[in-house]
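S.K.: Just passing along the structure, written as C-alpha cells.
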Amino acid sequence: MSDIISDLTDTLREFLEIEQISACILQRGSKNVFEYFTDPDQEKYLRSQISADELRNAASSFADYDVADVSDIQIGENGKIRGLAIRNPDGKVRFVIFLFTDGTDDTQFDRITKVLSESLTTYCNLKEELSQRTDDIRKNRDDISRLERSRRMFKSLSKLTEDINFKVSFDRAADDIIKQSMLCVDPDVSLIVKEDSGVAQIIKQSGSAGTASLGSLNGMPVSDIPFMDGKTYTISSDSIISNEFKQFFAKCGISAGIFVSIGSTEDGLYLCFLKKDSEKTWQSDEISFVRQAGEILRTKVEFAGLSNAVAEADDFIRTVFDNSSSAVAVFDASTKEDLYMNEAAKKLFEDSLNDELFRRQFLIPGPSEDQDKMTGEFAASGTGDIYQVNMTRASQRGGLKVLVFAISDITKQKQYQKKLTESADIDDLTGLYNRHRFHADFETCINDAKRGQGMGSLILLDLDDFNELNDGLGHVLADKFLKKTAWSIQQIVRKEAQCYRVGGDEFAILIPSSDIEEMKKLMQKIQSRFEKPFSLDGNDYYCTAGMGAVNFPQDGDEEDGLLSKADFALHEAKAKGKNKSDIFADVEIKMPPDRLNVEKALREAVADDCREFLVYYQPVVDITNGESRCCGAEALVRWDSHKLGFMPPSKFIPMAEYLGLIIPIGEHVLIEACRTCHHWNEFGHPEYKVNVNLSVLQLLQNDVVHTIANALKVSGIEPDNLVLEVTEGMAINDMDKIKRVLEDIHELGVRFALDDFGTGYSSLSHMKQLPLDELKIDKCFIDDIDSDSYSDAFVRSVSQLADAVDLNVVVEGVEREKQQDVLKNMDVDMIQGFLYDKPLPKDQFEKRWL
Ligand code: C2E
Ligand code: CA
Ligand code: CA
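The sequence shown runs 1 to 850 under UniProt numbering.
Okay, here's the thing in C-alpha cells:
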C-alpha cells in the first residue's frame with residue numbers, strides 16, 4: 001500500500017495544502033501512522049489530541065465488506081477527525097485516511113471528503129488492476145495511460161476545487177473546467193449549453209470546432225433536445241438509446257456523449273462532452289470525473305448567482321445599496337477579505353487608516369464563530385464622524401460564510417442627542433431644572449441614600465388656585481409670576497436642596513441629605529415666604545402653596561411609590577386649606593379617591609362585556625406611486641363610561657395595563673376590529689387591512705396564539721389583513737420568548753408592525769430578529785420634519801434601511817400638507833394622521849372611506 005500512497009504523496013500533499021486540511025494515513029494492521037500531511041506544529045497538536053493507538057482503533061472500526069466509509073470523532077469544542085476508508089473493489093479496507101477540521105465549514109469538508117474518496121479509490125483500483133496484469137503488455141500500456149490519466153484527473157479536480165471562491169466569475173470557472181476536461185476525458189468537443197427563452201444556446205465550446213451539424217444545436221428548440229431536461233445522461237456509442245436521442249445524435253453528428261445538468265431546471269445549464277466521428281465507450285473514471293467537474297461547476301453557478309446578488313450584476317440590489325446613505329460592506333468570515341463594498345463603504349474606506357481602524361475594531365480577531373450579530377460604534381479617523389455599525393453573519397449559497405456590515409453615519413444624531421441632553425434638563429420659562437432632570441436626580445438621590453445609609457427628602461409643592469391667578473393676570477404676567485416664585489423657592493432652598501419645575505405650577509424640592517427636622521424647617525421657611533406678597537411690575541400679589549413630603553428610604557425606595565406618596569401627602573395638605581403642608585408619615589393612608597373611582601368603573605365596564613369600549617378607526621393612506629389611496633385603518637379604543645364620561649386611551653390604558661384589564665379590553669378591540677375589517681373586505685375593499693394595538697401584557701399570555709387564531713376564526717378575516725402593532729418595549733422581556741410567540745402568531749399569516757419606532761432604545765438590527773412586516777415611525781420625528789434636518793435624516797435613513805430589509809414604512813401623526821410633501825420624497829409607503837382624518841367611529845369612517 002505504501003508505494004501506492006508514496007506515488008500519490010506529492011499530489012495529495014498539494015491538494016491538502018490548497019484545501020488547508022491536515023491529514024494522516026494509516027494502514028490496517030500497521031503499527032504506525034504512515035505520514036502526517038501537515039506542518040510540524042499542527043502535527044504536534046494533533047498528536048496531543050489523538051494518539052496513534054486511538055487512530056488505530058478508529059481505523060479498525062471500519063469493517064471489511066461494510067458500506068460505511070466515513071466515521072467522525074469529535075476533538076475539542078468544534079474540531080473533528082474524520083476517518084475515511086479507502087476500499088478495494090471487493091469492499092476490503094485498503095487503508096484509512098484521517099482528515100482534521102477545526103469545524104469551520106462542514107460543506108467544504110464534505111466536499112473534500114467526497115473528492116478524496118472517489119479519486120483515491122479510482123486511483124488505487126487502477127493501480128491494483130495494473131499490477132495484476134503485468135503479463136499483458138499491450139493492455140499494460142493502456143492501463144498505464146489510464147493510470148496517468150487518473151493521476152491527472154485527481155490533479156485537475158484538486159486544482160479546480162482550489163479556486164472555488166466568491167470572486168471567480170462563472171465565465172472563468174467554465175473555461176477552466178472545459179479546458180481541464182479536454183485533458184482528462186478526451187472528447188472531441190466540450191460544450192456548455194444554456195437554455196435561453198426556449199432555445200439552446202452554446203455559451204462555451206472547446207475542442208475541434210463543431211461540424212456544421214453540431215452548430216445546428218445553437219438556436220434549436222429545447223423541446224427537440226432530449227438531454228435538456230435537468231438530468232444527467234451518459235451515452236456510449238453502443239448504448240441502447242431512445243428514438244429521441246437517436247434523432248438528435250443524427251441531426252448533430254454525435255456518436256457518444258455525457259450530458260451533465262449543472263444548474264437548477266430553471267437555470268437550464270448543461271455541461272456536455274461529445275464524440276463526433278469515432279466510437280466511444282465511456283470509462284467509469286471518466287464518468288466519475290465528469291460528474292465531479294459538473295458538481296464543481298454547479299457550485300460556481302451558485303457562487304456566481306450569489307456574487308450577482310450581492311455585488312455584480314443584480315442592478316436592483318446594487319442600486320439600493322449604492323444609493324443607501326449607509327455603507328454596506330461584505331467580508332469573507334474566515335479570510336476577512338473584502339468581497340463587496342457599496343459606494344458609501346468605498347468612500348469610507350478610501351482612507352486606509354479608517355480601513356485599518358475598522359479591521360482592528362471589528363474584524364481582527366472579529367466576532368466569534370457563534371456570534372451572529374454584533375453592533376458597535378466606529379469613530380472615523382480625521383473627521384471624527386461617528387458611525388453605527390451593525391454586523392450580521394450570513395451563510396451564502398454554496399456555504400461561504402460572510403460578515404455583512406451596515407455602517408451608518410450617526411454623527412448628526414449624536415450631536416443632536418448631545419444638544420438635547422444639554423438643553424433637555426432646563427425648563428425654558430423659569431430656568432430651573434425640569435421634570436426630566438428631576439427624575440434622573442431623584443433616582444440618584446434614592447440610591448445614594450440607600451447606599452450611604454443616610455436619608456433624603458422630597459417635597460412636592462403646588463401653588464394654590466394658580467388657575468385663577470392665571471385667568472386674572474393673563475398669561476404673560478402669570479408667567480412672570482411663576483418665574484418669580486420659582487426664583488424665591490430656589491433662593492430659600494439653595495444651600496441644602498435643589499428645586500425643579502415639574503409641571504405648570506408644580507415644583508419638586510429634593511434634599512439629598514436631611515433629617516425630618518431639617519426638612520420641616522425648610523418647609524416652614526417656604527411656607528412663610530408664601531405668606532408674604534410677591535411684587536410684580538410694582539404691584540403686590542398673593543399666592544399660597546400646598547406641600548407634601550416624603551422621606552427615603554423610610555417611606556420607600558422606589559421612585560414611583562415615593563412620588564405617589566408625596567403626591568398623596570400634598571393632596572391631603574390641600575384638602576385642609578391654603579398654605580398647608582403634610583408629611584406622608586403623618587397622614588392616614590388611603591388611596592386617592594379619584595383613582596379608586598376609575599379603577600372601580602374600569603372593573604365594572606370590563607365585567608359588563610366591555611360594552612362601553614368603542615373602537616374608532618383612523619385611515620392609513622398608501623402614498624407609493626405618487627398617489628394617496630386609503631389602504632385600511634388603525635383601530636383605536638375609546639371608553640365611553642357612563643360614570644366618568646368619554647375617556648381617551650391615555651386616561652385609562654395605563655391603569656388597565658396595571659390592573660391586567662388590558663387583556664379582556666384588548667381582545668374585545670381585536671375581535672371587533674377584525675369583524676369590521678372583514679365587512680369592509682366583503683363590501684368592495686378586499687385590500688383594506690386593520691391595525692390593532694397589542695399590549696405586551698397580551699403578548700405574554702400563554703394562550704395569546706389561541707386568542708388571535710380565535711379572532712381570525714370568529715370574524716372570518718383573511719389573516720394577512722390583520723396587522724398587530726407591538727412596541728419596542730416588549731424587547732425588555734425575555735427576547736427569546738417574545739421571538740417565539742411572535743413567530744407562532746406570524747405562522748397564522750398575521751402581520752406585525754413595530755409601533756412608535758424611534759422612541760425606544762432598541763436598534764433596528766435588534767428588532768430585525770423578529771418577524772416584522774411594518775415599521776411605524778413615531779409622530780415626534782414628523783412634527784418638524786419640514787424644518788429640522790435631524791428629523792429629516794432620521795426618517796430618510798430609517799425608511800431606506802427598512803426598505804432594504806423589506807419592511808413597509810408607515811409614518812404617523814402627519815398633520816400638514818408640507819410634511820406629506822417631504823415624506824413623498826422618501827421610501828415611505830404609508831402615512832396616517834389628522835391630515836387625512838382623526839380616528840372616527842365606525843359608521844363615520846365607513847361613510848367617508850368606504
Ligand atoms: P398609538 O398606537 O401611537 O396611536 C396613535 C395615536 O396618535 C392615536 O391616539 C391617534 O389618535 C393619534 N394621532 C393620529 N394621528 C395624529 C395626528 O396627526 N396628530 C396628533 N396629534 N395625534 C394623532 P389615541 O387614539 O389617543 O391613542 C393613544 C395610544 O393609546 C395609542 O398610541 C396606543 O398606544 C394606545 N391604544 C389605543 N388603542 C389601544 C388598544 O386598543 N389597545 C392597546 N393596547 N393600546 C391602545
Ligand atoms: Ca398604534
Ligand atoms: Ca404609534
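Backbone N, C-alpha and C fix where the C-beta goes; we use that ideal spot for every residue, glycine too. Nothing here was measured: the structure is a model prediction, and the numbers come from that model.
(1) Quick one: grab the DSSP three-state call for C252.
(2) What does the alpha-carbon distance come out to for the pair P593 and P553?
(3) Among A486, K346 and S181, which has the Cα closest to the Cα of E286?
(4) Hey, does F227 have any beta-carbon neighbour from chain B nearer than 8 Å?
(5) Hey, would you say L458 sits closer than 8 Å to L522, going by beta carbons?
(6) Could you give the uninterrupted runs of the beta strand (DSSP E) lying entirely in the stretch 773-813, keeping only those of 3 residues or more?
(7) Quick check on DSSP: helix, strand or coil for I717?
(8) Are residue 907 and F95 touching if we call contact CB-CB under 8 Å?
(9) CB of D773 to nearest heavy atom of ligand 2: below 7 Å?
(10) Once DSSP output is grouped into helix, strand and coil, what is the label at F534?
(11) My guess is that A633 and V690 are in contact by the Cβ rule of under 8 Å, so how many angstroms apart are they, rounded?
(12) Going straight from the alpha carbon of V310 to that of N342, what length do you get?
(13) What are the boundary residues of the beta strand (DSSP E) that includes W639?
(14) Heavy atom of ligand 2 less than 7 Å from the Cβ of N693, yes or no?
(15) Does the Cβ of K776 lie closer than 7 Å to at least one heavy atom of ligand 3?
(16) Under three-state DSSP, which class holds Y36?
(17) Along the alpha helix (DSSP H) that carries Q20, what are the first and last residues, could you check?
(18) Give me the Cα-Cα distance between N218 and F227, rounded to the nearest whole angstrom.
(19) F273 by DSSP, collapsed to three states: which one?
(20) Whose C-alpha, out of S48, Y65, N470 and D479, is nearest the C-alpha of K92?
(21) Beta carbon of Q844, beta carbon of D827: below 8 Å?
(22) What does the alpha-carbon distance come out to for the pair L614 and D640?
(23) Sorted by chain position, which residues of the same chain lie with C-beta nearer than 7 Å to S216's C-beta, five sequence neighbours on each side aside?
(24) Can you determine whether any heavy atom of ligand 5 sits closer than 7 Å to the C-beta of V714, and answer yes or no?
(25) Since A174 sits in a beta bridge, which residues does DSSP pair it with?
(26) Got a sec: does ligand 3 put a non-hydrogen atom nearer than 7 Å to the Cβ of E657?
(27) Expressed to the nearest angstrom, what Euclidean distance is found between the alpha-carbon atoms of H706 and Y617?
(28) Tell me whether E748 is buried or exposed, calling it buried when 16 or more other Cβ atoms sit within 10 Å of its Cβ.
(29) Have a look at the DSSP bridge pairing and note the partners of T101.
(30) Check whether the Cβ atoms of I426 and A345 lie closer than 8 Å to each other.
(31) Anyone know if the C-beta pair for A497 and I516 falls short of 8 Å?
(32) Could you check which residue in I262, F289 and D188 has the C-alpha nearest to that of A256?
(33) What residue from G538, D351, Q388 and L463 has the CA that sits closest to R501's CA?
(34) On the premise that D409 lies in contact with Y385, defined as a C-beta separation below 8 Å, what is that separation, rounded to the nearest angstrom?
(35) Below 7 Å CB to CB, which residues in the same chain sit around D505 once its five sequence neighbours on both sides are set aside?
(36) In this structure, does DSSP put R816 in helix, strand or coil?
M.R.: By the coordinates alone:
(1) helix
(2) Any reading at P593 must be qualified, since the residue scores a pLDDT of 43, below 50, and its modelled position is unreliable; the value itself is stated next. For P593 and P553, the distance between alpha carbons rounds to 26 Å.
(3) S181
(4) In the structure shown, chain B does not exist; there is a single protein chain.
(5) no
(6) 774-777 and 808-811
(7) coil
(8) Given that the chain is displayed from residue 1 to residue 850, the structure contains no residue 907 and the question cannot be resolved.
(9) no
(10) strand
(11) 6 Å
(12) Only weak support exists for where V310 lies, its pLDDT of 44 falling under 50; the coordinates are left without a value.
(13) R629 to S641
(14) yes
(15) yes
(16) strand
(17) Element bounds for Q20: n/a, residue is neither H nor E.
(18) 14 Å
(19) strand
(20) Y65
(21) no
(22) 7 Å
(23) K251 and C252
(24) In the structure shown, ligand 5 is absent; the only ligands present are ligand 1, ligand 2 and ligand 3.
(25) Answer is none; A174 lacks a bridge partner.
(26) no
(27) 25 Å
(28) Note on identity: in this sequence residue 748 is Leu, with Glu being the wrong assignment. By the 10 Å Cβ count, L748 comes out exposed.
(29) K80
(30) no
(31) no
(32) D188
(33) L463
(34) Note on residue identity: the sequence assigns Asp, not Tyr, to residue 385. Yes, they are in contact, since the Cβ atoms of D385 and D409 sit about 6 Å apart, within 8 Å.
(35) D462, L463, F466 and L482
(36) coil
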